[in-house]
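Residue numbers (our numbering): 7 to 443.
Report on the structure given below.
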C-alpha cells in the first residue's frame, strides 16, 4: 500500500495527525509505540493503556513522549487532543474517548480484548487488531458490530494473515485464482510449554507463554483461521497438512505437494509448511485458467503450472502496523477482515493427560494447544475453541491429543466471549468437504 505515505504526509503537513489509542504494552505494543514515535509522520500516539500502569508509562517515556497519567475521561480527552500522550490502566477511557480516531489492540487476550474492542466500536472508533487470538475466536461477530456502527475492524499489516491477504489481493488483481494461502513455520511441537521456551523468551525479551504459543502450533492456527475467515478458504484436514520442506517455497517439489484439483474442489485451503525458505515468509498458490497466459507465466519464470507460487519473504510485525492505521483511517481499507464469516475455528486439544476437576489455562501454557478445524465441523461436533478454554473446569478425564468439547467443561459465568460466540453461530460458513489429498 505505497499510497499511504502520501496520505499520511498530507495529514502531517495539515497538522492534523490521526490520533491513536493503543491498548497493551507487552513486547509488540512497546515496540509499536517506538515505531509510531520514530517513523510514522501523520500518526499520533494520543493515549496508551496497560493493566500494569508502570509498563505503559515506561513504554511511552522510552519513546520520548510527553506523558501524563490520567484516571478520568475528561482529562484523557484533553491530553490526547492537545498533542500529549495520556497513560491509564483503564482501557475503557480510550475506547470511549472522542479524541481517539483509531484503537489499536495489542494484548493477545480474548475476553479482555473483546470487551475493549466492542466498546470502541460502540463509540465510533476504527479498530486495528494486533491480536489474532481474539480475531480468530470472535472476529466475525465483532465485524458485524463494526459494520453496523459504520467503522472498520482490521487485522494488522506485518502479521502473517494480512501479509497473506495482501498477496491474495495481488494475485486476484492480476487475473489469477488463489487456491491456497500458506504460512512458513520454523518449528512445530505441540507439547512445548513455558518451561521449555523460557530461555528463548528471555533472549528476545518476550513472555514464555507467548513464545510457547508459537512453538506448539496455537499461534499459526489462529493466523490461518484469520486468513480463512477473510477469504472463505477452509482446511483440508484438522490441524492442516503442515508439510515439511527444506527448500524454497517456489520450488517445484514444494508446489507439487498440493493437488490442484483437490484445492479447487475444496474452494481453496489455508495451510502451512515447516522448514521452508525464506523462513519468515508467506505464500499463495494460484492457478491461471487462461491457457494462453500460462505460456507467458512460464516465460516470466513462474513455471508451467498448474499451480504458481507467489510469496513474500518476510513479515515485519510492528514495523508495518502504522500502514494499517493509515489504510483504515485515511483510505477506508481493512488490511484483513473476516468478510467470509466463521470459516475456520481453532479448537482446544489436550497437551497432556488431563483430569476431571482441572481448570484449563491460557493459550501457550500447559494444558492445551490449538488446531484449525472447519467451523461447521467444529460446531457439529461441539468442539471447544481454545480461545474460550481459559478458566473452564473439566468435567471428565481427557487423554493427551484428544480434542475437547463443550460437554467436557463447565464454562465460567458471564463472559462476553461466550455471548459473542453464540451470536456468531449464524455466521458459520457451511462448506463442502474436500476429497482426501
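Idealized CB from N, CA, C, for every residue including glycine.
Quick one: grab the DSSP three-state call for residue 303. helix
Pairing CB atoms from the segment 24-44 with CB atoms from the segment 107-117, are three or more of them under 8 Å? yes
Run through DSSP, which three-state label would residue 127 get? helix
Any idea which residues DSSP pairs residue 492 with across the strands? The question about residue 492 has no answer, for the chain in this structure spans 7 to 443.
Spell out a yes or no on whether the segment 269-289 and the segment 247-256 are touching, meaning 3 or more CB-CB pairs, one atom from each, closer than 8 Å. yes
Residue nearest to residue 155 in terms of C-alpha spacing, selected from 146, 131, 177: 131
Pairs of beta-carbons, one from the segment 176-184 and one from the segment 347-361, closer than 8 Å: are there three or more? no
Simplified DSSP assignment, three categories, for residue 91: strand
Drop a sphere of 10 angstroms on the beta-carbon of residue 330, count the other beta-carbons inside from all chains shown, and report buried for 16 or more, exposed for fewer. buried
Whose C-beta lies closer than 8 Å to the C-beta of residue 196 among residues of the same chain, with five residues either side of it excluded? 222, 223, 355, 357, 375, 407
Cβ-based burial, residue 432 [other Cβ within 10 Å; buried from 16]: exposed
Environment of residue 307 [buried if 16+ CB atoms lie within 10 Å]: exposed
Euclidean distance between Cα positions of residue 204 and residue 369: 15 Å
Using three-state DSSP, classify residue 174 as helix, strand or coil. helix
Would you say the beta carbon of residue 91 comes nearer than 8 Å to a heavy atom of the ligand ADP? Annotation note on the ligand ADP: not contained in the displayed structure, which lists no ligands.
In chain order, what residues of the same chain lie with their CB nearer than 8 Å to the CB of residue 412, ignoring the 5 residues before and after it? 388, 389, 390
Please specify which runs of the alpha helix (DSSP H), each continuous and at least 4 residues long, are wholly inside the segment 214-300, giving them in chain order. 214-221, 224-237, 258-261, 266-272
Residue 168 classed as buried or exposed, judged by whether at least 16 other C-beta atoms fall within 10 angstroms: buried
Would you kindly work out how many angstroms separate the C-alpha atoms of residue 122 and residue 97, rounded to a whole number? 7 Å
Per DSSP, the bridge partner or partners of residue 137: Its beta-bridge partners do not exist; DSSP assigns none.
Report the residue from 392, 399, 382 whose alpha carbon sits nearest the alpha carbon of residue 362. 399
Compute the Euclidean distance between the alpha carbons of residue 342 and residue 146, then round it to the nearest angstrom. 12 Å
Within 10 Å of its beta-carbon, does residue 442 have 16 or more other beta-carbons around it, so buried, or fewer, so exposed? Low local confidence applies: a pLDDT of 48 at residue 442 is under 50, so the model's placement there is unreliable, with the coordinate-based value given in what follows. Counting Cβ neighbours within 10 Å, residue 442 comes out exposed, since fewer than 16 surround it.
Every unbroken beta strand (DSSP E) inside the segment 329-361 [3 residues or more]: 350-356
Closest to residue 143 by C-alpha separation, out of 234, 207, 215, 127, would be which residue? 234
For the segment 88-105 against the segment 315-325, do three or more pairs of beta-carbon atoms, one drawn from each stretch, fall closer than 8 Å, so that the two count as touching? no
Between the Cα of residue 359 and the Cα atoms of 287, 61, 405, which residue gives the shortest distance? 405
When DSSP labels each residue in this structure, what does residue 440 get in the three-state scheme? Its pLDDT being 49, under 50, residue 440 is placed unreliably in this model, and the coordinates cannot settle the point.
Of the listed residues 328, 86, 434, 239, nearest to residue 292 (C-alpha basis): 239
With distances taken between CB atoms, is the gap from residue 25 to residue 65 smaller than 9 Å? no
Going by beta carbon distance, what residues of the same chain come within less than 6 Å of residue 152, once the five residues before and after it are set aside? 127, 159
Just mark residue 33 as buried or exposed, buried being the case when its beta carbon has 16 or more other beta carbons within 10 Å. buried
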